[in-house]
Amino acid sequence: MSKPATPVAPPLKDELDIVIPTIRNLDFLEMWRPFFQPYHLIIVQDGDPTKTIKVPEGFDYELYNRNDINRILGPKASCISFKDSACRCFGFLVSKKKYIFTIDDDCFVAKDPTGKEINALQQHIQNLLTPSTPFFFNTLYDPFRDGADFVRGYPFSMREGVPTAVSHGLWLNIPDYDAPTQLVKPLERNTRYVDAVLTIPKGTLFPMCGMNLAFDRELIGPAMYFGLMGDGQPIGRYDDMWAGWCTKVITDHLGLGVKTGLPYIWHSKASNPFVNLKKEYKGIYWQEDIIPFFQSVTLPKECTTVQKCYTELSKLVKEKLGPIDPYFQKLADAMVTWIDAWDELNSPAQSAPAAADAKKDGSSSKKK
Amino acid sequence: MRNPPTLLSLAIDSAVINFCRISDLSFVPEHILLELFVRTLKAGKLNEKILKLFIATGKEEILSVIESLNIQHILVPVLPTLIIKDDEVDIVIGALQSDLTSFMEAWRPMFSRFHLIIVKDPDLKEELKVPGGFNLNLYTKSDMDKVVDSSSSTISFSGYSCRYFGYLMSRKKYIISIDDDCIPAKDSKGELIDAVAQHITNLTTPATPFFFNTLYDPFSEGTDFVRGYPFSLRSGVECGLSCGLWLNLADYDAPTQALKPSARNSRYVDAVLTVPARTMLPLSGINIAFNNELVGPTLLPAFRLAKEGKFRWETVEDIWTGMCAKVVCDHLRLGVKSGLPYVWRQERGNAVESLKKEWEGVQLMEEVVPFFQSVRLSEAAVTAEDCIAEIAASVKEQLGRSNPMFARAAENMVEWIKLWKQVRSL
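First to last, the sequence lines map onto chains V and G. This note's numbering runs 6 ahead of the 1-based position in the first sequence. This note's numbering runs 265 ahead of the 1-based position in the second sequence.
What follows is the structure, given as structure tokens:
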């Protein structure tokens, strides 16, 4: 492959924010430096706001802790989870960019089978900037990748594809298993590098993992609410699942695409399966009702924006899932709060003051 | 100084490596037979078929060695779900070229265990050349004429459709079919891929069409269902169809291949996945396998282009059949898998030349997609035959009006089901 004579600017440098939830530290950023340094970071600090989280030198970032979240959202802050990585969606809320890439602080750079380090961010960008094909399955996977195309029999009328809203990446080493599976197979590692990106077909739900995820904020942002999890909530480790089901229903309705597959990151930390079991316990039961709910949801034609879709969804959640447990009524209310907060922070008039708030606070925001 | 190996020793070693070519050991002197047995064991190459060969010699010493070693006729399953007997599989090959020697030799290590059905394209004038050492049945035009009255029927077995006659004749549970211009491919480690074994694995492990697993086939080695996958859906459903892929010459249509003449598929994607329910896919006949007991009648010759040719990009018959098959599988709650195995598809034909031909049917295929995506079958349709009958009726009613080609396809489908039942009642 030929290289350009002058260095090319990193793609979407000024249009993409990297959102990282953390409660420990950001040491992992050192490994990602060659790939992340050109981009702006939004750090969402979970847990004790009095603790100082050091950001490695040389990164351009804004950092929000619980005090910032309370200050910026006021009473609406109740929709943002505490003591759970679900708090990351606050970063989506305050971002001003078109694209978001979110990654966990125990995810490192993986290597492909040739030994080359994988630039996960670049692959996500490529996934988002090329169309998806949700209406008909292409057996050679993403036809917009180099070296692939639509196969014989793929309807010509569908070959333009639709805009891609979400790019869902995968993980080598510690796979994203639930607690029961972790208990049964504590030593299993994902060593299979599957060299494919593919569109998840319309009408099909999937388990969306928030560890290695990118999306087009303008196309689908308001649907990326990670729910009420963690402290004071009956459930945990279902935040990204919830966001994924809502997102898929809405992207299907609006004719947008969701891709999954490459890029891989290296997931290093296996969480405690017994702790996980406690968090997931209710979710494992509830999911048997939640899934049929999402599989049968239909949104009315009048829902032409993500916010309208999401608001409608919140009504349906209250009505259909409310009877299962009062938690769902709370969740439905939080979904409405989230949309209110989104609209408030993302209407044109509001964009300037919110950014200024982040810098004024004790949390430092360094410019390169 | 060490003695160089004797000629006999070299011959025995060679025999161990080439067991797939040996169908009879009765002529071998007993002492050599014993040595051969020992070396086969040492090389770890003793399998059911080879064991049978040794036992068939009836030689006492061999039989007593087998007994003393307590070797038993048990096939160790790869996955603890199903045990496949070799006699449950038919490999159906449609011969569009007359000399199948290099094709069969290339596949010998994978095919030799199984029964083969070779069907000669009725348009092929030359005699078929097929190498020996296979357990096979050969069908030609005269066999087809006995079963299907060509004067009254519109079903044609010409070209790629010749293999359907093989499906009709087969009584086995699993059928695997590969185009005769494909040879075994190599995986990313450089090892030859046993496409037959992979198809069998796909067909005998559950499929998961109701919810997408992001780590692909959860029943593969080293993987599982991910967090968030509903537990009630984790037992999966039976797999009806296994669609393999192609390295080198991918299955592109003529315009695509003509636009990118040097495009070759070199990407080995190490995955099998279930194509979700209600999602259509382009089924390529180049490298497929199916559960004949569950979906057999669905793989049928129905839709032909007016000027269908002898290159895959001059046909759409498998695409039509594939959409019917997916509708049937979705309705019967069976799975369709896609991905591994890969085969190596050899260079053949000129896409630009094919483009020059006029195809009435390719445009027509665009019209059928909405039909297949929306067709729903009744609760009463509980077998593949029932489903095909209902689809045919819908095709006739909804599509048949706009174009006689669809009406004819519907008729072919109805006739095929009749044939299917007739052949099986004999």
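Where a beta carbon is used, it is the ideal one built from N, C-alpha and C, also for glycine.
Tell me, please, which residues DSSP counts as bridged to S603(G).
By one-based count along the second sequence, residue 603(G) stands at place 338. DSSP output for S603(G) lists C508(G), L538(G) as bridge partner(s).
I584(G) versus chain V: which residues are under 8 Å apart at the beta carbon?
Within the second sequence, numbered from 1, the residue matching residue 584(G) stands at position 319. Neighbours of I584(G) on chain V, chain order: R158, G159.
Out of I441(G), S507(G), A280(G), which one is the CA nearest neighbour of L546(G)?
Reading the second sequence from its first residue, position 281 is the one you call residue 546(G). Looking at the Cα atoms, S507(G) is the closest of the given residues.
Residues of chain G with CB closer than 7 Å to the CB of Q239(V), please, in chain order.
Indexing the first sequence from 1 puts residue 239(V) at position 233. Neighbours of Q239(V) on chain G: none; closest Cβ ~17 Å, over 7 Å.
Quick check: what's the CA-CA separation for P27(V) versus L260(V)?
Taking the first residue of the first sequence as 1, we reach residue 27(V) at position 21. Taking the first residue of the first sequence as 1, we reach residue 260(V) at position 254. A direct Cα-Cα distance of roughly 29 Å separates P27(V) from L260(V).
With a cut-off of 8 Å on the beta carbons, I'd call P449(G) and V608(G) a contact; round off their distance for me.
Translated into positions along the second sequence, residue 449(G) becomes position 184. Translated into positions along the second sequence, residue 608(G) becomes position 343. With a beta-carbon spacing of about 7 Å, P449(G) and V608(G) fall inside the 8 Å limit used to define contacts.
Taking contact to mean 3 or more Cβ pairs, one atom from each stretch, closer than 8 Å, check whether the region 556-567 of chain G and the region 522-538 of chain G are in contact.
Taking a cut-off of 8 Å on C-beta distances, the region 556-567 of chain G does not touch the region 522-538 of chain G, as fewer than three cross pairs fall below it.
Does any residue of chain G bring its CB to less than 8 Å from the CB of Y231(V)?
As a first step, residue 231(V) is located in the first sequence; it is residue number 225 there, counting from the start. No, no contact with chain G.
Three-state secondary structure (DSSP) at L559(G)?
As a working mapping, residue 559(G) is identified with position 294 in the second sequence. Correct three-state label for L559(G): helix.
Between which two residues does the alpha helix (DSSP H) harbouring V190(V) extend?
Start at 1 with the first residue of the first sequence, and residue 190(V) comes out as number 184. Here the alpha helix (DSSP H) through V190(V) covers 185-190.
Can you pull the DSSP bridge partners for V25(V)?
Residue numbering aside, residue 25(V) sits at position 19 when the first sequence is read from its first letter. Paired residues: I48(V), T108(V).
Report, in whole angstroms, the separation of the C-beta atoms of A202(V) and A472(G), which I expect to be a contact under 8 Å.
On the first sequence, residue 202(V) is found 196 positions in, with the first residue counted as 1. On the second sequence, residue 472(G) is found 207 positions in, with the first residue counted as 1. About 18 Å separates the two Cβ atoms, so there is no contact after all.
What is the DSSP secondary structure of T210(V), reduced to helix, strand or coil?
On the first sequence, position 204 is the one that residue 210(V) refers to. Correct three-state label for T210(V): coil.
State the DSSP-derived secondary structure class of N125(V), mapped to helix, strand or coil.
Reading the first sequence from its first residue, position 119 is the one you call residue 125(V). N125(V): coil per DSSP, three-state reduction.
If contact is defined by three or more beta carbon pairs under 8 Å, each pair taking one atom from either stretch, is the region 637-650 of chain G in contact with the region 589-596 of chain G?
yes
Can you name the start and end residues of the beta strand (DSSP E) that C594(G) belongs to?
As a working note, residue 594(G) is residue 329 in the second sequence. Looking at the DSSP string, C594(G) is not in any beta strand (DSSP E); the run it does join, the alpha helix (DSSP H), is 582-596.
Which parts of the region 145-194 of chain V are runs of the beta strand (DSSP E), unbroken and 3 residues or longer, counting only runs that do not cross its ends?
The region 145-194 of chain V contains these whole beta strand (DSSP E) runs: 170-179.
Comparing the C-beta of D516(G) with each C-beta of chain V, is any distance below 8 Å?
On the second sequence, position 251 is the one that residue 516(G) refers to. Yes - at least one Cβ of chain V is within 8 Å of the one on D516(G).
Apart from the five residues just before and just after I180(V), which ones in its own chain have a Cβ nearer than 6 Å to its Cβ?
In the first sequence, residue 180(V) corresponds to position 174, counting from 1. Once the five neighbours on either side are set aside, the close Cβ partners of I180(V) are H273, A276.
Can you name the residues of chain V whose CB is closer than 9 Å to the CB of S549(G)?
Against the second sequence, residue 549(G) aligns to sequence position 284. Residues of chain V passing the Cβ test: T145, V157, R158, G159.
What residues are listed by DSSP as bridge partners for S291(G)?
Within the second sequence, the letter at position 26 stands for residue 291(G). None; S291(G) has no bridge partner.
Roughly how many angstroms lie between the CA atoms of R492(G) and N282(V), to the nearest whole one?
Position 227 of the second sequence holds residue 492(G). Position 276 of the first sequence holds residue 282(V). Spanning the two alpha carbons is a distance of roughly 11 Å.
Strictly below 9 Å CB to CB, what residues from chain V border T488(G)?
Locating residue 488(G) in the second sequence gives position 223, where the first residue counts as 1. Within 9 Å Cβ-Cβ: P181, E194, N196, R198.
Measuring only between beta-carbons, confirm whether M670(G) sits less than 8 Å from chain V.
As a first step, residue 670(G) is located in the second sequence; it is residue number 405 there, counting from the start. No, M670(G) does not count as interfacial toward chain V.
Which chain V residues sit within Cβ distance under 9 Å of C508(G)?
As a working note, residue 508(G) is residue 243 in the second sequence. Within 9 Å Cβ-Cβ: T145.
Check whether chain G comes within 8 Å of I290(V), counting only Cβ atoms and requiring the distance to be less than that.
The count along the first sequence starts at 1 and reaches residue 290(V) at position 284. Judged by the 8 Å Cβ criterion, I290(V) is in contact with chain G.
What do you get for N278(V), buried or exposed, if any count of 16 or more other CB atoms within 10 angstroms of its CB means buried?
On the first sequence, residue 278(V) is found 272 positions in, with the first residue counted as 1. Per the 10 Å Cβ criterion, exposed.
With 8 Å set as the bound, which would you pick, yes or no: does the beta-carbon of S138(V) sit closer than that to a beta-carbon of chain G?
Here the question's residue 138(V) lines up with position 132 in the first sequence. False, the Cβ-Cβ gap to chain G never drops below 8 Å.
Based on Cα-Cα distance, which residue from F422(G), C427(G), N556(G), V354(G) lies nearest to N400(G)?
Stepping through the second sequence from its first residue, residue 400(G) is reached at position 135. Of all alpha-carbon atoms in F422(G), C427(G), N556(G), V354(G), the one lying nearest the alpha-carbon of N400(G) is that of V354(G).
Can you check DSSP and say which residues form a bridge with E68(V)?
Here residue 68(V) refers to the residue found at position 62 when the first sequence is read from its first residue. I48(V).
How far does the alpha helix (DSSP H) with V453(V) in it reach, from first residue to last?
Only positions 7 to 374 of chain V appear in this structure, which leaves residue 453(V) out of reach.
Quick check: the Cα distance between G574(G) and S453(G), rounded to an integer number of angstroms?
As a position in the second sequence, residue 574(G) is number 309, starting the count at 1. As a position in the second sequence, residue 453(G) is number 188, starting the count at 1. If you take the alpha carbons of G574(G) and S453(G), they lie about 34 Å apart.
Below 8 Å, how does it come out for the region 92-110 of chain V and the region 227-234 of chain V: are there three or more Cβ pairs, yes or no?
yes
How is V679(G) classed by DSSP in three states: helix, strand or coil?
Working through the second sequence from its first residue, we reach residue 679(G) at position 414. In this structure, V679(G) counts as helix in the three-state DSSP scheme.
Please confirm whether I656(G) and I682(G) have their CB atoms less than 8 Å apart.
As a working mapping, residue 656(G) is identified with position 391 in the second sequence. As a working mapping, residue 682(G) is identified with position 417 in the second sequence. It is not a contact, given that the beta carbons lie outside the stated cut-off.
Return no unless some Cβ of chain V is closer than 8 Å to the Cβ of L403(G).
Position 138 of the second sequence, counted from the start, is the residue given in the question as residue 403(G). Chain V contact via Cβ: absent.
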